[in-house]
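Have a look at the structure below, then the notes.
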């Protein structure tokens, strides 16, 4: 870019008048030719880019100066406010005393007295007003950031549906038996269960069957509680479950003889695992049942039908 073009851009930024800027860059230009040349030069791509860059830099510099000035004034005002509040707090706290001097013969005696109550009240009011006025104009002071320990994500506990819970508690035929009763009361339910792929018993269980499954499961639960109680007692006495200490090496006696380890006793975790693996009791059909036909109706069947027995039945 020519020096005349830079000079034109500089004066154009200062005055905002393209004719005066062109006259400053080209003093000999006059008349209509000056206006045409100034209009052409101000639309020149290089000149327009130079003017835009200089204007942006000037604006940023002006903003920086303004913020620096405002920051300096705010700091001075804040320091003055803090100094005033410090003096007022000294009056409120009773740190400042009223000093009085008395002439006694050939010397001066100084006597300090406390501030009167009305001065302390006025100091409290002035301190409150200073703080409220400052924070109303400048806003509340920002709190220091507190380091927050990120919480570790804990996977949600596995949830069971009602059917899964009942199958674990009362056996695999409990919920299918309830569906069989529903189909007996409402035959249209059979199609709905078939579409969902849900199992329905061929025979409708009686209330005695349902009660027997519940009693069987409660009996197993009581056995498990007794086993758990015995294991806890062993743990409290020996420090380990029954049988776990039997795997330790043989210990040497003081006379050099060896003591054979005690016989291996199955530990509570293994017993509990085996116990929980047992399949709950299923329905045993040893009485007269109602069988569902293809239309969802019931037919009396006098023959004794038995469902397959599971390995957990007793």
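Residue numbers (our numbering): 17 to 330. The beta carbon of each residue, even a glycine, is placed where N, CA and C say it ideally should be. Owing to the predicted nature of the structure, the values given are computational and were not obtained by experimental measurement.
Just curious, the beta strand (DSSP E) that residue i is in, first and last residue?
i, result
"residue 124", "123-129"
What is the DSSP secondary structure of residue i, reduced to helix, strand or coil?
i, result
"residue 18", "coil"
"residue 115", "strand"
"residue 216", "coil"
"residue 284", "In this predicted model, residue 284 has a pLDDT of only 48, less than 50, meaning its place in the structure is not dependable; the value taken from the coordinates is given anyway. Here residue 284 sits in helix by DSSP."
The alpha helix (DSSP H) that contains residue i, what's its start and end?
i, result
"residue 42", "Per DSSP, residue 42 belongs to no alpha helix (DSSP H) and is neither H nor E."
"residue 223", "223-254"
"residue 74", "61-108"
"residue 195", "190-201"
"residue 133", "133-154"
"residue 55", "47-58"
Going by C-alpha to C-alpha distance, which of the options sits closest to residue i?
i, options, result
"residue 233", "253, 187 and 243", "187"
"residue 110", "97, 94, 126 and 132", "132"
"residue 221", "231, 230 and 197", "197"
"residue 13", "80, 86, 136 and 84", "Because the chain spans 17 through 330 in this model, residue 13 falls outside it and cannot be assessed."
"residue 130", "101, 17, 113 and 202", "113"
"residue 100", "254, 45 and 142", "142"
"residue 52", "38, 253 and 44", "38"
"residue 104", "139, 84, 80 and 94", "139"
"residue 94", "204, 153 and 80", "153"
"residue 229", "202, 189 and 86", "189"
"residue 68", "25, 212 and 240", "25"
"residue 98", "144, 247 and 82", "144"
Closer than 8 Å by C-beta to residue i: which residues in its own chain qualify, once you throw out the five before and the five after it? Chain order, please.
i, result
"residue 124", "117 and 118"
"residue 21", "41, 57, 60, 62, 63 and 66"
"residue 35", "50, 51 and 54"
Got a sec? Which residues, its chain only, sit under 7 Å from residue i by beta carbon, not counting five neighbours each side?
i, result
"residue 48", "none"
"residue 242", "none"
"residue 96", "none"
"residue 249", "none"
"residue 127", "116 and 118"
"residue 17", "62 and 66"
Spatial neighbours of residue i within its chain, please: C-beta separation below 6 Å, excluding the five flanking residues on both sides.
i, result
"residue 23", "41"
"residue 244", "none"
"residue 33", "none"
Can you find a CB in chain D that lies within less than 8 Å of the CB of residue i?
i, result
"residue 205", "Protein chains in the displayed structure number just one, and chain D is not present."
Can you find at least 3 beta carbon pairs, one from the stretch 24-31 and one from the stretch 64-75, that sit closer than 8 Å? With a cut-off of 8 Å on Cβ pairs, the stretch 24-31 is in contact with the stretch 64-75, counting three or more such pairs.
Report yes or no: do three or more beta-carbon pairs, one from the stretch 210-228 and one from the stretch 191-200, lie closer than 8 Å? yes
With contact counted as at least three CB pairs below 8 Å, one residue from each stretch, are the stretch 143-150 and the stretch 114-122 in contact? no
Check whether the stretch 44-56 and the stretch 84-98 touch, using three or more Cβ-Cβ pairs below 8 Å as the test. no
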